[in-house]
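Numbering (the working numbering), first residue to last: 39 to 511.
Here it is, written out as structure tokens:
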């Protein structure tokens, strides 16, 4: 949809010619969506502000012209939360140029960053000050902090450090009318009314655009121990988690579930992946302990855990990484699972969470239901067993037609999500709602809760111009 020339001139005046993209070819990367579920989106324009002031002026100008705005960070989301619709009426506001680290305070253990900072860069800069920023996920080399916070990203360290919202002390946000809320406080305690920052974390840009954040840092670990363990059943995996937390003094950083079928997919399709153990097992757990105490002897705690687990016949085999290279090889298995699945054809994905104690029952019942209703489909449940977040992905039968298989997405969702909700779980643990799960949330969400969300959206964004069609309809 062509923009009024005066509006285009005004936006160009705000961000400069290098901050405007209107060529269709140059816009293509901003229209790409990671899973390929939304392929026909069209944008009227891509605007790339370099400062919060520019961002605020862009949003105010669009609000006055009643132009919808779609905030976009690294564009690595998996639910269509940063995608434009097909009518070409929306403007993409890309935060990539807002990438400054404004301050780092090792005494206060905080870092203040702009929304466009790449997650891996924040980790690196924190490490240079002998600190740890613990948010870690597969896309960390390209995803941006603003998007991480907007989706309340999870990742591999949630068990120890919490989700993205647990790592935020303060925010700077541009509201739908262009006003700036400056809540960049680096305080551990601030009990002066509503915790407004939490309203924007996880809102996926539907209430405002996160421009900057004060994030928590932690002492950098000085010792890490990693093991790849085989268990014969999922009940033993949860027993192992309990023993690990107790024997380590709750120093478990990661506790990741990997099924045998997932390991085999990785060995087939990912260079450098091999079976770390001598005999196959139906299930594996990748465990990591870490500590910032130089005298804590994590290795001794790890060996005590394995000795106890072997003695109780919880483990059938295990290997401890003896070097950084071996650790990286073990983690490559877990991190390669989504990529390996792509080589196996269509995959219908579910990012769900249930109480940890119910994970074995959920996976067993889920696999039985899939076998009953979709013969030949291959469940590949993996992920963050330590916090109950399982990626219940289901690969197509070998040799099946991909498009025909993916056409069953809605039907399969209903079966899996019904089971999750019956266990008081969540249909989105860490990926968000975006466009993909709006109807699912309407189906499952408590009506009172959904009404409160809609009222909040209408109060803050009455024109529905801020990332419309996402999260709440």
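The beta-carbon is built from N, C-alpha and C at its ideal position, and this holds for glycine as well. None of the values given here were measured: they were computed from a predicted structure.
According to DSSP, is residue i part of a helix, a strand, or is it coil?
i, result
"residue 421", "strand"
"residue 482", "helix"
"residue 150", "strand"
"residue 465", "coil"
"residue 127", "coil"
"residue 280", "helix"
"residue 264", "strand"
"residue 500", "coil"
"residue 67", "helix"
"residue 371", "helix"
"residue 376", "helix"
"residue 159", "helix"
"residue 416", "strand"
"residue 438", "coil"
"residue 257", "strand"
"residue 169", "strand"
"residue 476", "helix"
"residue 308", "coil"
"residue 366", "helix"
"residue 221", "strand"
Tell me where the beta strand (DSSP E) around residue i begins and ends.
i, result
"residue 110", "107 to 110"
"residue 322", "321 to 329"
"residue 349", "Run containing residue 349: none in the beta strand (DSSP E); it sits in the alpha helix (DSSP H), 336 to 349."
"residue 400", "Run containing residue 400: none in the beta strand (DSSP E); it sits in the alpha helix (DSSP H), 397 to 411."
"residue 431", "427 to 433"
"residue 297", "290 to 297"
"residue 84", "81 to 85"
"residue 210", "206 to 212"
"residue 194", "That residue, residue 194, is in no beta strand (DSSP E); it is neither H nor E in DSSP."
"residue 20", "Residue 20 lies beyond the range of the chain shown here (39 to 511); nothing can be said about it."
"residue 390", "389 to 391"
"residue 355", "355 to 358"
"residue 352", "Residue 352 -> no beta strand (DSSP E), and no H or E assigned at all."
Do the CB positions of residue i and residue j come within less than 7 angstroms of each other?
i, j, result
"residue 279", "residue 164", "no"
"residue 432", "residue 386", "yes"
"residue 136", "residue 154", "yes"
"residue 66", "residue 503", "no"
"residue 268", "residue 319", "yes"
"residue 59", "residue 84", "yes"
"residue 238", "residue 314", "no"
"residue 181", "residue 258", "no"
"residue 185", "residue 112", "yes"
"residue 149", "residue 225", "no"
"residue 330", "residue 260", "yes"
"residue 420", "residue 272", "no"
"residue 391", "residue 426", "yes"
"residue 93", "residue 212", "yes"
"residue 337", "residue 264", "no"
"residue 46", "residue 103", "no"
"residue 512", "residue 183", "This structure cannot speak to residue 512, because the chain is shown only from 39 to 511."
Kindly list the residues whose CB is nearer than 7 angstroms to the CB of residue i, restricted to its own chain and excluding five residues on each side of it in sequence; keep chain order.
i, result
"residue 389", "429, 466, 467, 468 and 469"
"residue 236", "203"
"residue 405", "417"
"residue 472", "115, 117, 118, 119, 242 and 508"
"residue 453", "407 and 411"
Suppose the cutoff is 6 angstroms on Cβ atoms and the five residues either side in sequence are ignored; what does the same chain contact list for residue i look like?
i, result
"residue 383", "434 and 440"
"residue 138", "152"
"residue 108", "122, 128, 130 and 505"
"residue 194", "174 and 292"
"residue 499", "214"
"residue 270", "354"
"residue 308", "374 and 378"
"residue 491", "510"
"residue 450", "386"
Leaving out the 5 sequence neighbours to the left and right, which residues in its chain are closer than 8 angstroms to residue i when beta-carbon positions are compared?
i, result
"residue 476", "507, 508, 509, 510 and 511"
"residue 210", "90, 218, 219, 220, 221, 222, 248, 249, 250 and 251"
"residue 290", "197, 198, 279, 282, 283, 325, 326, 327 and 424"
"residue 72", "113, 114, 115 and 116"
"residue 276", "394, 395, 397, 398 and 423"
"residue 462", "392 and 393"
For the alpha helix (DSSP H) holding residue i, just list the boundary residues, first then last.
i, result
"residue 143", "Here residue 143 belongs to no alpha helix (DSSP H); instead the beta strand (DSSP E) covers 139 to 143."
"residue 186", "183 to 188"
"residue 451", "447 to 460"
"residue 52", "43 to 53"
"residue 235", "234 to 238"
- Message: Would you call the segment 291 to 305 in contact with the segment 346 to 356, where contact means no fewer than 3 C-beta pairs closer than 8 angstroms?
- Response: no
- Task: Could you tell me whether the segment 356 to 376 touches the segment 79 to 98, using the rule of 3 or more Cβ pairs below 8 angstroms?
- Result: Two segments are said to touch when three or more pairs of C-beta atoms, one from each, lie closer than 8 angstroms; by this definition the segment 356 to 376 does not touch the segment 79 to 98.
- Query: Do three or more CB pairs link the segment 397 to 409 to the segment 434 to 449 at distances below 8 angstroms?
  - Reply: no
- Inter-stretch contact (C-beta, 8 angstroms, three-pair minimum) for the segment 170 to 182 and the segment 192 to 208: yes
- Specify whether the segment 374 to 383 and the segment 334 to 349 touch according to this definition: at least 3 beta carbon pairs, one from each stretch, less than 8 angstroms apart. They do not touch, by the three-pair rule.
- Query: Are three or more beta carbon pairs between the segment 174 to 193 and the segment 238 to 248 nearer than 8 angstroms?
  - Reply: yes
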